[in-house]
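Undergrad:
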């Protein structure tokens, strides 16, 4: 895949060179925008103030993005867990079509598979990734290349970590090489007053001497700014695609001293405010480098928060913003995400879209944007919402007919307009400890999200024909022929 991307990039570079240096052959092409995706980790729909006026967390930089761009109210991660979400974002395919859960032993993305960075690179983009990968490598020792990762699926450069900051071994990778092998033992950390998977939680294991968990978030900000600075100085003739995948506010919650006590949602809220401040630094870098006006910035989160009903009561802060459930759940709180697009002179400032979209839709959207023809479109689970961003598609014309998501335990849900069907009882994820299946709750679930966004009134028994229709359509989508998309 890496050599394929390089080959395509060389041809595109040659064509661009000829068009821009041979006078008689020059053609005017619209300038392609830089694209910056900022993906945060485990931040809920109700955490940013622009999504929840009652939020106990201050997020001025995220709120400013919404004020100057388009806020989506019905945007969804492809799956309610870290690796599932990232797979769908990068490939344009539902994660249940692959085995991203095997990320510990193998790469999740197949060789030759179409990816966002490879597609954009073929259209002349400089591509860079900073942050949390979580989609696996082929590994044969810390002194050997880590194959199948970012630089093998289309990114020109990568600086990051293999997975979450609570999953050892902890070490940095630059491109495909470990910066320093993990040789130091660290003990498990927990926080009194929280569940085992909240607070300062991190697992025992090995760490490299040059990685301190509380330094990872600011280190990635520094790296992202370096990418932007370097691009402006060395590659300004090319558009930039930067994928910045922060591993926060995922556990361990480690706000630096200046943010401790800064929110009204304890250490989690403090850490969210630190994330917001780091997002602001990256946005400021775009401004300082004169790249602000021609950059599409997308801000979103990979899945729902780890925030239980007891936490909502304790702090009077609802991370899910009135939605039901949390991380790993099939309920909306597990996968409906804050999703903001700022694209100066293209998206209407302060606009709001209620269109149902999914991270997988970035593939088709970017393809339409840059004029890339996708072969075998039926192999993807992607529809373009470019017309929505440009104000050309109204709310009365949905871009998506259906959306299918698998919860943490494999329970699947399908969405059609205001209707949502789940093929089992309960949340299907982390909220199950707070849910008991009653005698009349052994079947599936059906909700009208227009009148019941909190998924409280199960209409499964009242609309049997609709249940059958949605179930049949979900089965068709799940079972459709899934040929690997080779470009």
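Numbering (my numbering), first residue to last: 94 to 580.
Every residue gets a Cβ at the ideal spot worked out from N, C-alpha and C, and that includes glycine.
Since the structure is predicted, the reported quantities are computational estimates derived from the model, not experimental observations.
Tell me whether residue 59 sits in a helix, a strand or coil according to DSSP, three-state version.
TA: It is not possible to answer for residue 59, since the shown part of the chain is limited to 94 through 580.
Undergrad: How long is the line joining the alpha carbons of residue 563 and residue 507, rounded to whole angstroms?
TA: The sequence position of residue 563 within the chain shown is 470, counting from 1. The sequence position of residue 507 within the chain shown is 414, counting from 1. Their Cα atoms are separated by approximately 7 Å.
Undergrad: Report the rounded CA-to-CA distance for residue 127 versus residue 458, giving the unit in angstroms.
TA: Locating residue 127 in the chain shown gives position 34, counting from the first residue. Locating residue 458 in the chain shown gives position 365, counting from the first residue. Rounded to the nearest angstrom, the two C-alpha atoms are 14 Å apart.
Undergrad: Rounded to the nearest angstrom, what separates residue 164 and residue 243 at their Cα positions?
TA: As a position in the chain shown, residue 164 is number 71, starting the count at 1. As a position in the chain shown, residue 243 is number 150, starting the count at 1. The straight-line gap from Cα to Cα measures roughly 29 Å.
Undergrad: Pick helix, strand or coil for residue 545, following the three-state DSSP scheme.
TA: Residue mapping note: residue 545 aligns to position 452 of the chain shown, counting from 1. Residue 545: coil per DSSP, three-state reduction.
Undergrad: Below 8 Å, can you find three or more Cβ-Cβ pairs linking the stretch 129-140 to the stretch 413-424?
TA: The stretch 129-140, when compared against the stretch 413-424, does touch it at the 8 Å Cβ threshold.
Undergrad: Contact between the stretch 284-298 and the stretch 309-316 is defined here as three or more beta-carbon pairs at a separation below 8 Å; is this criterion met?
TA: Short answer: they don't touch.
Undergrad: Would you kindly work out how many angstroms separate the C-alpha atoms of residue 567 and residue 300, rounded to a whole number?
TA: If you number the chain shown from 1, residue 567 lands on position 474. If you number the chain shown from 1, residue 300 lands on position 207. Going by the C-alpha atoms only, they are around 43 Å apart.
Undergrad: In three-state terms, what does DSSP make of residue 297?
TA: Against the chain shown, residue 297 aligns to sequence position 204. Here residue 297 sits in coil by DSSP.
Undergrad: Buried or exposed, going by whether 16 or more other CB atoms sit within 10 Å of the CB of residue 527?
TA: Mapped onto the chain shown, residue 527 falls at position 434. Classification for residue 527: exposed.
Undergrad: Could you work out which residue in 360, 350, 414 and 318 is closest to residue 372 when comparing CA atoms only?
TA: Taking the first residue of the chain shown as 1, we reach residue 372 at position 279. Checking every option, the nearest Cα to that of residue 372 belongs to 318.
Undergrad: Where does the unbroken alpha helix (DSSP H) through residue 224 begin, and where does it stop?
TA: Here residue 224 refers to the residue found at position 131 of the chain shown. Careful: residue 224 lies outside any alpha helix (DSSP H), inside the beta strand (DSSP E) at 219-225.
Undergrad: Using 8 Å as the threshold, is the stretch 207-226 in touch with the stretch 330-337, meaning 3 or more CB pairs across them?
TA: At 8 Å Cβ cutoff, the stretches touch.
Undergrad: Pick out the complete alpha helix (DSSP H) segments inside the stretch 432-518, 4 residues or longer, and give them in chain order.
TA: The qualifying runs are 454-463 and 479-482.
Undergrad: What span of residues does the beta strand (DSSP E) with residue 310 cover, start to end?
TA: Mapped onto the chain shown, residue 310 falls at position 217. Element bounds for residue 310: not the beta strand (DSSP E) but the alpha helix (DSSP H), 309-327.
Undergrad: Quick one, which of 265, 209, 235 and 196 has its alpha-carbon nearest residue 241's?
TA: Walking along the chain shown from the start, residue 241 turns up at place 148. Selected option, being the one with the closest Cα: 196.
Undergrad: Enumerate in chain order the residues of its own chain whose CB-to-CB distance from residue 193 is below 7 Å, with the five nearest sequence positions on each side excluded.
TA: Position 100 of the chain shown, counting from 1, holds the residue named residue 193. Here the set comprises 176, 177, 180, 201 and 228.
Undergrad: Under the rule that 16 or more other beta-carbon atoms within 10 Å means buried, what is residue 314, buried or exposed?
TA: Reading the chain shown from its first residue, position 221 is the one you call residue 314. With 16 or more Cβ atoms within 10 Å of its Cβ, residue 314 is classed as buried.
Undergrad: When you compare only the Cα positions, how much space is there between residue 234 and residue 187?
TA: Here residue 234 refers to the residue found at position 141 when the chain shown is read from its first residue. Here residue 187 refers to the residue found at position 94 when the chain shown is read from its first residue. Using only the alpha carbons, I get a separation of about 31 Å.
Undergrad: Give the list of continuous beta strand (DSSP E) stretches no shorter than 3 residues that lie fully inside the stretch 331-403.
TA: Taking only runs of at least 3 residues, the beta strand (DSSP E) segments lying wholly in the stretch 331-403 are 333-338 and 388-394.
Undergrad: In chain order, what residues of the same chain lie with their CB nearer than 6 Å to the CB of residue 252, ignoring the 5 residues before and after it?
TA: The residue you call residue 252 lines up with position 159 of the chain shown. Once the five neighbours on either side are set aside, the close Cβ partners of residue 252 are 223, 267 and 316.
Undergrad: How many angstroms separate the CA atom of residue 396 from the CA atom of residue 460?
TA: Locating residue 396 in the chain shown gives position 303, where the first residue counts as 1. Locating residue 460 in the chain shown gives position 367, where the first residue counts as 1. Cα-Cα distance, rounded: 25 Å.
Undergrad: Run through DSSP, which three-state label would residue 560 get?
TA: For the purposes of this step, residue 560 is identified with residue 467 of the chain shown, where counting begins at 1. In this structure, residue 560 counts as helix in the three-state DSSP scheme.
Undergrad: Residue 539 by DSSP, collapsed to three states: which one?
TA: Here residue 539 is taken as the residue at index 446 of the chain shown, counted from 1. Note: residue 539 maps to strand in three-state DSSP.
Undergrad: Under the three-state reduction of DSSP, which class applies to residue 248: helix, strand or coil?
TA: Looking up residue 248 in the chain shown gives position 155. Of the three classes helix, strand and coil, the one that applies to residue 248 here is coil, per DSSP.
Undergrad: Quick one: grab the DSSP three-state call for residue 231.
TA: The residue given as residue 231 occupies position 138 in the chain shown. Reduced to three states, the DSSP call for residue 231 is strand.
Undergrad: List the endpoints of the continuous alpha helix (DSSP H) containing residue 212.
TA: Position 119 of the chain shown, counted from the start, is the residue given in the question as residue 212. It spans 209-215 - the alpha helix (DSSP H) in which residue 212 sits, taken as one unbroken run.
Undergrad: Going by the beta-carbon positions, is the gap between residue 302 and residue 247 smaller than 8 Å?
TA: Counting from one through the chain shown, the residue named residue 302 turns up at place 209. Counting from one through the chain shown, the residue named residue 247 turns up at place 154. No. Outside cutoff.
Undergrad: Is residue 483 closer than 8 Å to residue 514 when the C-beta atoms are compared?
TA: Against the chain shown, residue 514 aligns to sequence position 421. Against the chain shown, residue 483 aligns to sequence position 390. No, Cβ-Cβ distance for residue 514 and residue 483 is not below 8 Å.
Undergrad: At which residues does the alpha helix (DSSP H) containing residue 176 begin and terminate?
TA: As a working mapping, residue 176 is identified with position 83 in the chain shown. Note, residue 176: alpha helix (DSSP H), 175-184.
Undergrad: When you compare only the Cα positions, how much space is there between residue 250 and residue 269?
TA: For the purposes of this step, residue 250 is taken as residue 157 along the chain shown, with counting starting at 1. For the purposes of this step, residue 269 is taken as residue 176 along the chain shown, with counting starting at 1. Answer to the nearest angstrom: the Cα atoms are 9 Å apart.
Undergrad: First and last residue of the beta strand (DSSP E) that includes residue 154?
TA: Here residue 154 refers to the residue found at position 61 of the chain shown. Element bounds for residue 154: not the beta strand (DSSP E) but the alpha helix (DSSP H), 153-161.
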